[in-house]
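Each residue of the sequence shown is one higher than the one before, counting from 482 in the working numbering.
Glycine included, every Cβ here is placed at the ideal spot set by N, Cα and C.
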Amino acid sequence: MRFLFIVTSYWAYGELAIACEFAKRLVKEGGQVHFLVPPTHQKTMNSWGFGFTTLFVKSRALNVILLKDIESSFRPQAVILADFLNYNFCEEHYGLTYNDLAVFSGKIGTFDDFDWMQTKDCMDTYGFRAKRFSEIDVRKYGFSLCPCPLVNPGDGDREETFFYRLIDRKLPFSLDKTNEYKKSLGIPTERKMILFTNAVWQDNYKKYDDVKEFVNVNQTIFWYLMECLAKKYTIICIGKESFYKKSNENIIFIDSVPPDVFDRYILATDLFLSRNIISTSLARAVLSGIPCVCIQNSLRFKRNANGEINVTIPYRNDFVNEQLNKLQRSYKYRMFPVGWYYFLQNIYDNNPYFDTFCQVEQFDIEHTVNTITSLLENRNAYDKLRSKLTQYETILNKLPNIAEISYQIIGGSER
Numbered sequence: 482m483r484f485l486f487i488v489t490s491y492w493a494y495g496e497l498a499i500a501c502e503f504a505k506r507l508v509k510e511g512g513q514v515h516f517l518v519p520p521t522h523q524k525t526m527n528s529w530g531f532g533f534t535t536l537f538v539k540s541r542a543l544n545v546i547l548l549k550d551i552e553s554s555f556r557p558q559a560v561i562l563a564d565f566l567n568y569n570f571c572e573e574h575y576g577l578t579y580n581d582l583a584v585f586s587g588k589i590g591t592f593d594d595f596d597w598m599q600t601k602d603c604m605d606t607y608g609f610r611a612k613r614f615s616e617i618d619v620r621k622y623g624f625s626l627c628p629c630p631l632v633n634p635g636d637g638d639r640e641e642t643f644f645y646r647l648i649d650r651k652l653p654f655s656l657d658k659t660n661e662y663k664k665s666l667g668i669p670t671e672r673k674m675i676l677f678t679n680a681v682w683q684d685n686y687k688k689y690d691d692v693k694e695f696v697n698v699n700q701t702i703f704w705y706l707m708e709c710l711a712k713k714y715t716i717i718c719i720g721k722e723s724f725y726k727k728s729n730e731n732i733i734f735i736d737s738v739p740p741d742v743f744d745r746y747i748l749a750t751d752l753f754l755s756r757n758i759i760s761t762s763l764a765r766a767v768l769s770g771i772p773c774v775c776i777q778n779s780l781r782f783k784r785n786a787n788g789e790i791n792v793t794i795p796y797r798n799d800f801v802n803e804q805l806n807k808l809q810r811s812y813k814y815r816m817f818p819v820g821w822y823y824f825l826q827n828i829y830d831n832n833p834y835f836d837t838f839c840q841v842e843q844f845d846i847e848h849t850v851n852t853i854t855s856l857l858e859n860r861n862a863y864d865k866l867r868s869k870l871t872q873y874e875t876i877l878n879k880l881p882n883i884a885e886i887s888y889q890i891i892g893g894s895e896r
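Rendered as structure tokens:
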């Protein structure tokens, strides 16, 4: 069986990681895989070890030739888009359109990370509804692969939709062995460690005045929280330093690292912290049994002409309130800084995955610190999350494996 994966998002690595996880299991089943990716992903592809072809930026003619060449030389039995939403709008960057997929003789499909049939009617970005997305029909891209998490596997059977386990290889995490990994990485062992990742795309937001204002205030409050936690714990941030410029010996910044090195940091951590509830790194940490906390915001307001707001700010922290007073507008988010609070609501409701880690409010500093401290210091708090994870694992174990899904996709043809 031969599968081609097409990746068109040049700044987001989550979709690429989901595709690579799937491809890795296909190879174990004897399948052949090939990737078509933006030039920004070459380093990542080399680390995974898959064969790949690189797209040409701003060159429709060359990219169409690439599609024809891959069909001629590889003849994929299935062509899977890593992200149909991004492909739907990639004509500006690569000149490719939906109709160009007709060059392939194999079945066309896509990863549907957010169960688009459930969520498409309300994609909120920066607090506003993005109307153009609701008109996109995922069904025109063929079959759908819905990874769990994030998609709720209990939402029922649908035609040409395959719910599957996102990750089959859990990391061998143990709270009693984190110090061994800290030592190997040169991290102090006398303090517990919090791991946080900072993605490039989180700095590539729309620079509207009120959005910049909101992002800056959120960043200021977030790093205030980090400094509070750094008084007692070691904070490791993998990724860009970006907003935070202060010197703090207990907040350590590390550039992006290969997947195998990142795994060592995951195994060394005592708690994983995220501001992106759909993060694949968060999902992997959760499923490996690591205590996890995700920060979101459900405070929404807009000042009127008199500078007044129509909600009561419930937080009692003077620093937070001082920062919030600078805002003309506050929007909700589950994925900082884009938003997607309402967009994700349908797959959030009654989804057992969201019981397996803690969710806290960005502006409720005291509750957030208490939640993190409880997970780091109170074994009972951690055990409660592990119990929820065990229940969720029971659900995941009932999903079809990659061999079963791939056989259904290619209709029992040559494997």
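The residue from L517, K524, R541, K807 with its alpha-carbon nearest to that of F533 is L517. The beta carbon of Y662 sits closer than 7 Å to those of R745, L748, A749, all from its chain and outside the five residues before and after it, given in chain order.
Sequence-distant Cβ neighbours of G587 in its own chain, meaning closer than 6 Å and more than five residues away, are P557, Q558, A559, V560. Note that the C-beta distance between Y796 and F844 is below 8 Å. Scanning the region 521–582 from its first residue to its last, the whole beta strand (DSSP E) runs of 3-plus residues come out as 532–535, 559–562.
The beta carbons of S490 and D564 sit closer together than 8 Å.
Bounds of any beta strand (DSSP E) do not take in T875; it lies within the alpha helix (DSSP H) bounded by 860–877. Two segments are said to touch when three or more pairs of C-beta atoms, one from each, lie closer than 8 Å; by this definition the region 850–865 does not touch the region 603–614. Only residues of its own chain outside the window of five on either side were considered, and among them I846, V850 have a CB closer than 8 Å to the CB of C709, listed in chain order.
Within the same chain, N729, N731, I732 come within 6 Å of A711 by CB-CB distance, once the 5 residues on both sides are set aside.
Taken through DSSP and simplified to helix, strand or coil, K612 comes out as helix.
Along the region 709–769, the beta strand (DSSP E) occurs as fully enclosed runs of 3 or more residues at 715–720, 732–735, 752–755, listed in sequence order. Within the model, the alpha-carbon separation for F531 versus G770 is close to 28 Å. Residue range 659–666 is occupied by the alpha helix (DSSP H) that includes N660. Contact between the region 657–671 and the region 865–872 is not established, with fewer than three Cβ pairs separated by less than 8 Å. The three-state reading of DSSP puts R483 in strand, counting E and B together. Nearest to D594 by alpha-carbon distance, out of N567, L780, E803, F724, is N567. Y645 has P628 as its beta-bridge partners, per DSSP.
For E842, the enclosing beta strand (DSSP E) has its first and last residue at 839–842. With the rule of 3 Cβ pairs closer than 8 Å, the region 826–838 counts as touching the region 628–636. If you ignore the 5 residues before and after Y725, its C-beta comes within less than 7 Å of the C-beta of W704, all in its own chain and listed in chain order.
C501 and W529 have their C-alpha atoms roughly 7 Å apart. According to DSSP, S811 shares a beta bridge with F782. In the structure shown, N791 adopts coil according to DSSP, grouped into three states. In this structure, the straight-line span from the alpha carbon of L752 to that of I499 is close to 23 Å. Between C775 and F838, the CB-CB gap stays under 8 Å. Looking at the DSSP output, L517 sits in a beta bridge with I487, T534.
Residue environment: P519 is assigned as buried (16 or more neighbouring CB atoms within 10 Å of its CB, all protein chains considered).
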